[in-house]
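This report refers to the structure that appears directly beneath it.
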Amino acid sequence: MNTTDNSLLKNLKLPAMGQLGIVVGKMGPAIAHYYNLLGIRPWYRAKIVESDIHYRGKPIELELDIAVGYSGGLQFELIEVIRGEDNIYTELIDSRGQGIHHIGFVVSGISERIEIFKRSGFQPLQHGTLRTRGKAITRFAYFDTLDQFGYITELIQTTLFGVSVGMSRWMMKAGKLIGDVETI
1 MNTTDNSLLK NLKLPAMGQL GIVVGKMGPA IAHYYNLLGI RPWYRAKIVE SDIHYRGKPI
61 ELELDIAVGY SGGLQFELIE VIRGEDNIYT ELIDSRGQGI HHIGFVVSGI SERIEIFKRS
121 GFQPLQHGTL RTRGKAITRF AYFDTLDQFG YITELIQTTL FGVSVGMSRW MMKAGKLIGD
181 VETI
């Protein structure tokens with residue numbers, strides 16, 4: 001990263017990195033691997049009941065299994081594609097197999113954040129909305145920042161009853177109580 005990249009990164013006004021996203025072939029073995037490697041436990045599985053996802057500008061059908069766990073303050077997100085059309089995750093699997101996919105930033109005001117990225121020359125690769133059983137709504141957008149920063153960037157905002165609630169370990173425990181997540 002050079003000074004131009006530093007200026008661009010500063011203009012995007014991102015908070016501290018909150019998530020490391022990893023695409024996996026099978027959830028069960030991946031959870032066991034990251035428990036053995038990093039001691040991450042418990043894992044929380046999102047109970048997604050509805051999704052609206054767009055890949056490279058067109059709506060797609062996509063079913064995912066998503067689990068998150070924590071090491072310190074960093075959330076590790078495991079993503080398994082169950083079925084669906086071409087998407088940002090199968091793009092990675094087809095090109096180099098499972099592994100680290102993106103870094104994520106948990107934000108408030110995601111619509112405004114997306115506009116800041118667009119004004120900086122980035123268009124969303126994939127974006128959408130996930131709704132869970134307990135009524136949490138997560139909006140996300142992935143941007144191709146590989147050339148500038150060396151990784152794909154994801155913006156993430158989770159709201160509950162219209163209030164931005166973040167994605168902390170504490171929120172996962174609360175999500176378990178309202179039926180949004182289950183412990184694995």
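Each residue of the sequence shown is one higher than the one before, counting from 1 in full-length UniProt numbering. From the three backbone atoms N, C-alpha and C, an ideal C-beta is built for every residue, glycine too. Predicted, not measured: the structure shown is a model, and the values here were computed from it.
Original post:
Hey, how far is the Cα of Ile-152 from the Cα of Ile-103?
Top reply: 6 Å
**OP:** Kindly indicate which three-state DSSP category Gly-72 falls into: helix, strand or coil?
**Re:** coil
Original post:
Residue ranges of each beta strand (DSSP E) run of no fewer than 3 residues wholly in the UniProt domain "VOC" (16-158), ordered along the chain?
Top reply: Those beta strand (DSSP E) runs which fall completely within the UniProt domain "VOC" (16-158) and span 3+ residues are 19-23, 44-46, 48-55, 58-60, 62-71, 74-84, 99-106, 124-132, 136-143.
**OP:** Determine the DSSP secondary structure at Leu-160, reduced to helix, strand or coil.
**Re:** The three-state reading of DSSP puts Leu-160 in strand, counting E and B together.
**OP:** Decide if Arg-45 is buried, meaning its Cβ has at least 16 other Cβ atoms within 10 Å, or exposed.
**Re:** buried
Original post:
Taking the alpha-carbon positions, what's the Ala-16 to Asp-86 distance?
Top reply: 30 Å
Subject >> For Val-68 and Met-172, believed in contact at Cβ under 8 Å, the rounded distance >> reply: With a Cβ gap of about 7 Å, Met-172 and Val-68 count as contacting.
Original post:
Can you name the start and end residues of the alpha helix (DSSP H) that Leu-177 belongs to?
Top reply: 169-178
**OP:** Use the C-beta contact count for Thr-183: other C-beta atoms within 10 angstroms, 16 or more gives buried, fewer gives exposed.
**Re:** exposed
Original post:
Is it true that the CB of Ile-110 sits closer than 9 Å to the CB of Phe-140?
Top reply: yes
**OP:** Provide the residue(s) that pair with residue 249 in DSSP beta bridges, ordered along the chain.
**Re:** There is no way to answer for residue 249, as the model of the chain reaches only from 1 to 184.
Subject >> Where residue 219 falls: helix, strand or coil (DSSP) >> reply: Past the edges of the chain, shown from 1 to 184, lies residue 219, and the structure says nothing about it.
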